[in-house]
Structure formats: C-alpha cells, structure tokens
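Numbering-wise, the numbering used here comes out as the position in the sequence shown, counting from 1, plus 6.
Notes to accompany the following structure.
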Amino acid sequence: MDDDQRERAATLHNTSEIIDGLVAGTYYLDDPEYRDHLLEAGIAAGNLTVGGPSFDYTATIDDVVSIRTRVQENEDNYLLVKSVNDLDTAIESDKTGIIMGFQGANWVGNDLSRIITMAELGVRVIDPAYNRGNTLGDGCCEHRNAGLTMLGREAIRTCNEHGIVLDVSHCNDATTMDVVEHSGDPVIASHIGCRALANSQGRAKTDEQLRAIADNGGVNCITPFPPVIKRDAETHEVQQATINDVLDHIDHVVDVGGVESVAFGGDMSDRTLDQGSISEGSNLNVWRKTHPEVYGNGPTDRMDPYPEHLSRYTELHNLTYGLVDRGYSDEDIRNILGGNLRRVFETVWN
C-alpha cells in the first residue's frame, strides 16, 4: 500500500466500531498480562464464551455469575452488554463491551426454562450444539447425521422470544440449516471458515449454508483459527496460513452472500500461544485424533501456528490494512469490522 492507503487504513481501524464475533478466553478479563489486549486492539465489543459443553446446569450458572462479577471488578476496561444501549455506553466510555455467549447448550437438558433464566442473567448468544449431540441437536463431531430435535426447534423459538442470538459455529450441516430455517431472527456463525477453501466438516460452512445465513439476514464471521483456514483437502494436514488466506475467506463470503453478510470472529488465544501448550480439554487435544475431518491433522499438545500477521489481537489492525488493500470501500470495511454484527444485535435484542 502507498502512504495514503496506510493512513486511510489506520484511520478506519481507529474510528470503526469493531465487534468480535468470538472472544474465546475469559482470562482477557483479569489476567494482568492480557487484560488490555482487547482494548488495545480497538475492539468495541466481543461475544465472550462463558461456557457450553458442560451438562451441569448448576455449575454453568455459577460460571455465568462469575463472569458477571469479573466484568464488574474490571469495570475500568470492560462493561457488560445486554442491549444496544449498553453497546453504545461501552463505546462512549472507551471500554470493551462483553457480550456473554455460549458455545453449546448441553446444560439445557430437557428444560427450556433454563434458556429463559440465562437470558435474564444477560446471556445474549447461544450455539445450540458444541461438537457432540445433545437434546437440542447435533454438533459437528457427532456421528449421527441428524439436525435439530423437536425440543431443539422449541429452543430456537425460545431464543427468538427472549432476545438471544443463535450461533451455528459448532453445529453440523443438518443442524446449521435447521437453525436458519426455524429461526425467525437472523442467525450468526460467530467463528468459521468457508468449506470451499478449507475442507473442515461443520466448522467451515458450505456455500449453501453461507448463503442461507445471508438470506436470513445473518452474518458469517471469519476466524483465523488455523484448521478452518488452510489445510490439505485430502489428508487434512493443517498448513501455515497468512493473513491473505483469511482475507480470501472474507472475499468468498462476500461473493456468496454479499458484503453485508460477513464479519470477523477472532477465536484467538494470545495466552495459549505464548504458553506453547494447550489444556487437556482443548478441542485439539480431545477431538483431533478422532475427527481430523473437523479439526485437521496436526499437534494435539499445542496450538497450530495462527496465520502470519494475524496471529493475535495485537495484530488485528493488519486485518483493516488488508481490507483496504483488497479494495473494499470505507463503508464496507466498517460493516465488516462491526456494523454487520451490530445490525443483527439491533434486530434480535430490540
């Protein structure tokens, strides 16, 4: 880029309302070494994962209450977002808004009133299934080729009625399409790739799914998570990607569903990369050996290298530079960085 483009990109990044489709680490709230990363990256708000895979409802409630407390204790950096007004307040006060979301809803069991309780606690995003199947539907690693259950369809209506955005990032193909079909509200895929570019079953969405989400008024959030960005189509070996590969996925979503249907979903773990190891409960440790078609082939004791120049939040400005370099207009870039997700939130939360 020339100097004018660089100046334009810097201005866009510093003045855009950046909304992250998926913030994966709760340690960003209060780990002294990382608690400033989201704010320094320019993120106005992010969908922070507060739980999901656990079947223990009581423990899950405790986790949500803990997050609420931790946000309040770190109110110099963060503000809990339960409404669009809260989102505006966070922006005006130079804080990062925390949107509480679930990756999976195993904790629902057979009791849909639990969803209502979570809404009352401030949860605003729910992915019905996380990898395995549950009472609502199947996740991307489940061996059955099933979609939403009868209870799952009722759960979709409950979410619609109580201002909860539905997320299909870890749903299998059938569940993804069922959620979009049965939701009266726009649906998001908070952290995904495009299967046309990376053959990750479930975690990278097909063109049909990308288009359905777009037609529903929803948003597909492209993540730099390596297994869904670049891999060998046959062996599933995860390959080193660059920011240009991430931009290719964004371009593909635009080609399929229009620029209004794409956003960014970080799913970046700065601390995990720095530690050089992953937890025993990590997807790569638990699911990679049995489901390489989903999570790719690669190490199970550490993260795959993230794309060059977009490996962590401190490099997020490079995404804006890349969008300028790809020829997107200022309006399109602002919408990709946050405007498109804000539109969905305004529709569902109001």
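Ideal Cβ placement from N, Cα and C applies to all residues, glycine included.
Point to revise | Proximity winner among 169, 121, 249, relative to residue 332 (alpha-carbon distances) | key: Counting from one through the sequence shown, the residue named residue 332 turns up at place 326. Among 169, 121, 249, the Cα nearest to that of residue 332 is on 249.
Exercise for review: Measure how close the beta-carbons of residue 209 and residue 171 come, nearest whole angstrom, since I'm counting them as under 8 Å.
Suggested key: Translated into the one-based positions of the sequence shown, residue 209 becomes position 203. Translated into the one-based positions of the sequence shown, residue 171 becomes position 165. The Cβ separation is near 19 Å, so there is no contact.
Point to revise | Where the beta strand (DSSP E) through residue 282 begins and ends | key: Position 276 of the sequence shown holds residue 282. Counting along the chain, no beta strand (DSSP E) covers residue 282, and no H or E run does either.
**Study point:** Straight-line Cα distance separating residue 303 from residue 240
**Key:** For the purposes of this step, residue 240 is taken as residue 234 along the sequence shown, with counting starting at 1. For the purposes of this step, residue 303 is taken as residue 297 along the sequence shown, with counting starting at 1. Here the alpha carbons of residue 303 and residue 240 stand approximately 11 Å from one another.
Check your understanding: If you compare alpha carbons, which of 143, 325, 48, 86 is closest to residue 173?
Key -> What you label residue 173 is simply residue 167 of the sequence shown in a count that begins at 1. For residue 173, the closest alpha carbon among the candidates 143, 325, 48, 86 is that of 143.
Check your understanding: Do the region 108-121 and the region 182-193 make contact, defined as three or more Cβ pairs closer than 8 Å?
Key -> No: fewer than three Cβ pairs fall under 8 Å.
Check your understanding: Relative to the alpha-carbon of residue 334, which residue among 272, 283, 268 has its alpha-carbon at the smallest distance?
Key -> Start at 1 with the first residue of the sequence shown, and residue 334 comes out as number 328. Looking only at 272, 283, 268, the smallest Cα-Cα distance to residue 334 is reached by 268.
Review point. Can you find at least 3 beta carbon pairs, one from the region 333-349 and one from the region 265-281, that sit closer than 8 Å?
Key: With a cut-off of 8 Å on Cβ pairs, the region 333-349 is in contact with the region 265-281, counting three or more such pairs.
Review point. Based on Cα-Cα distance, which residue from 324, 275, 76, 132 lies nearest to residue 164?
Key: For the purposes of this step, residue 164 is taken as the residue at position 158 of the sequence shown. The residue from 324, 275, 76, 132 with its alpha-carbon nearest to that of residue 164 is 132.
Practice item. Kindly indicate the opening and closing residues of the alpha helix (DSSP H) around residue 290. Key: On the sequence shown, position 284 is the one that residue 290 refers to. Under the DSSP assignment, residue 290 falls in the alpha helix (DSSP H) whose first and last residues are 289-292.
Exercise for review: Take the Cβ of residue 295 as the centre, count every other Cβ of all protein chains shown within 10 Å, and call the residue buried at 16 or more, exposed below.
Suggested key: Position 289 of the sequence shown, counted from the first residue, corresponds to residue 295. With fewer than 16 other Cβ atoms within 10 Å, it is exposed.
Review point. Which one of 244, 337, 352, 326 has the shortest CA to CA distance from residue 19?
Key: Here residue 19 is taken as the residue at index 13 of the sequence shown, counted from 1. Sorting 244, 337, 352, 326 by C-alpha distance to the C-alpha of residue 19 places 326 at the top.
Practice item. Identify the continuous alpha helix (DSSP H) that holds residue 119 and give its terminal residues. Key: Residue 119 sits at position 113 when you count from the first residue of the sequence shown. Counting along the chain, the unbroken alpha helix (DSSP H) around residue 119 starts and ends at 119-127.
**Study point:** Residues that residue 52 bridges to, as DSSP identifies them
**Key:** For the purposes of this step, residue 52 is identified with residue 46 of the sequence shown, where counting begins at 1. 26, 104.
Practice item. With a cut-off of 8 Å on the beta carbons, I'd call residue 135 and residue 110 a contact; round off their distance for me. Key: Within the sequence shown, numbered from 1, the residue matching residue 135 stands at position 129. Within the sequence shown, numbered from 1, the residue matching residue 110 stands at position 104. Confirmed, Cβ separation roughly 6 Å.
**Study point:** Cβ-based neighbour list, residue 356, same chain, cut-off 7 Å, excluding 5 preceding and 5 following
**Key:** Sequence index remark: in the sequence shown, residue 356 carries index 350 (1-based). 90, listed in sequence order.
Check your understanding: What residue range is occupied by the uninterrupted beta strand (DSSP E) comprising residue 197?
Key -> Reading the sequence shown from its first residue, position 191 is the one you call residue 197. Counted as a single uninterrupted DSSP element, the beta strand (DSSP E) harbouring residue 197 occupies residues 193-200.
Review point. Ends of the alpha helix (DSSP H) at residue 165?
Key: Counting from one through the sequence shown, the residue named residue 165 turns up at place 159. Counting along the chain, the alpha helix (DSSP H) containing residue 165 begins and ends at 156-167.
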